[in-house]
Structure formats: C-alpha cells, structure tokens
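Just so we're aligned, residue 0 is where the sequence shown starts under numbering that gives the first Met the number 0, counting upward by one. We put the beta carbon where it would ideally sit given N, CA and C, even for glycine. Input: a single structure, listed below in structure tokens.
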Amino acid sequence: MYNLSNFSEVMVKQALDEYLPKANLPCKCERCQADIVAFALNRLPPRYFVSLKGEVMTHFESQMVPDKARVLSEVVSAAQIISAYPSHK
Numbered sequence: 000m001y002n003l004s005n006f007s008e009v010m011v012k013q014a015l016d017e018y019l020p021k022a023n024l025p026c027k028c029e030r031c032q033a034d035i036v037a038f039a040l041n042r043l044p045p046r047y048f049v050s051l052k053g054e055v056m057t058h059f060e061s062q063m064v065p066d067k068a069r070v071l072s073e074v075v076s077a078a079q080i081i082s083a084y085p086s087h088k
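Shown next, in the form of structure tokens:
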C-alpha cells in the first residue's frame, strides 16, 4: 500500500512554525493554527507524492525562492483572516 502525501502541507506547516513566534496574533491555539493551515492549503496548488524519490524531487522543486515566498505569503494572509474571524469565541 502506498501512502499519498501532499508536500504543500509540509511546506505550509513549516512556514507557520517559522512565522508564529514573530507574529502578533490574538490567538495561536491549535484550532486557529489548523484553520490557518487549511486556509493556506486551499489557496496553493497541491504537490502530491507517493514515494521517497517523489518526495525528494518535490522537495527540491519547492525550494525555489518564488515558491517559498508564495507559501509564506499565503500563511501570513491566512493568519490575518483567521485572526479577524476565528472559529471559536
């Protein structure tokens, strides 16, 4: 059985981990973080892989500066939106 994974998810979670300590967000709870990841992923193209070779190739392609900048931009945008409209009270 093969395990289907989305490398965009890995990139978004990594970008969020780097952004959160610097961000002045009103809430950084687990729910808000999950909402930020989901929101950002819905605005980025998926990058699926099923093998180690596919993961390595996808990882290599994703290290291009415009790609990383786009992921960070989507994470920051998602964080601002989720902060303004959190799922919880």
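### Query
What is the rounded straight-line gap between the Cα of F48 and the Cα of S7?
Approximately 10 Å between the Cα atoms of the pair.
### Query
When we look at the beta-carbon of M0 and count the other beta-carbons within 10 Å, is it buried (16 or more) or exposed?
Answer is exposed; the Cβ neighbour count stays below 16.
### Task
Please state whether DSSP places Y18 in a helix, a strand or coil.
Residue state, collapsed to three classes: helix.
### Task
Leaving out five residues on either side along the sequence, give the residues of the same chain with a beta carbon under 6 Å from the beta carbon of L43.
Excluding residues within five positions, the ones whose Cβ falls inside 6 Å are S7 and E73.
### DSSP state of S50 mapped onto helix, strand, coil
DSSP places S50 in coil when its eight states are reduced to three.
### Task
For the alpha helix (DSSP H) containing L40, list its first residue and its last residue.
Annotation for L40: the continuous alpha helix (DSSP H) segment containing it runs E29 to N41.
### Task
Kindly list the residues whose CB is nearer than 6 Å to the CB of K21, restricted to its own chain and excluding five residues on each side of it in sequence; keep chain order.
Around K21: no qualifying Cβ.
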